[in-house]
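**Student:** This structure is in structure tokens; I'll ask about it shortly.
In the working numbering, the protein residues as written are 128 to 294.
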């Protein structure tokens with residue numbers, strides 16, 4: 128029941144925010160690719176290669192993050208159950224002097240759940256670093272095209288392509 132309610136909370140509260148953010152970023156990337164394609168049509172080949180590498184990284188990331196989230200959700204259930212039983216049986220815990228046992232058990236469960244949460248965050252950072260490397264590679268290639276391109280392309284167009292790539 129705990130995992131289901133957490134998933135429903137994420138759908139209700141976080142999904143609209145993330146959907147809006149996704150659409151904004153998607154249309155920004157599409158507009159940048161269109162502007163670069165207008166100025167440097169041959170750069171579409173490079174953009175295609177980078178897109179394929181990004182999709183491969185995304186596939187690896189999706190499988191990993193799905194498993195890490197599942198493990199985190201599974202480790203959260205005993206932790207929440209421990210808290211609930213402590214709150215409900217607080218009088219009995221004090222009566223039988225079992226406070227130290229419950230505190231020790233809570234710390235163990237909290238450490239286990241926290242370690243899965245940290246691994247989840249590490250995976251997010253891993254993906255962010257790889258994505259930044261791909262974007263820096265694209266910026267470098269556009270900058271090289273700007274510097275090495277013929278003078279038939281106006282400097283304003285070159286600057287536009289470079290400034291949109293840096294965004």
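We put the CB at the ideal spot given by N, CA and C, even for glycine.
Can residue 149 and residue 261 be called in contact, C-beta distance under 7 Å?
**Tutor:** no
**Student:** For residue 168, which of 276, 250, 226, 293 has the nearest alpha-carbon?
**Tutor:** 276
**Student:** Does DSSP classify residue 276 as helix, strand or coil?
**Tutor:** coil
**Student:** Where residue 161 and residue 170 are concerned, what is the direct C-alpha to C-alpha distance, given to the nearest angstrom?
**Tutor:** Cα to Cα, the separation comes out at about 11 Å.
**Student:** Of the choices 290, 135, 284, 191, whose alpha-carbon is the least far from that of residue 252?
**Tutor:** 191
**Student:** When DSSP labels each residue in this structure, what does residue 152 get in the three-state scheme?
**Tutor:** helix
**Student:** Considering only their Cβ atoms, is the gap separating residue 206 from residue 240 smaller than 7 Å?
**Tutor:** yes
**Student:** Is the CB-CB distance between residue 188 and residue 254 below 7 Å?
**Tutor:** yes
**Student:** Check whether the Cβ atoms of residue 195 and residue 236 lie closer than 7 Å to each other.
**Tutor:** no
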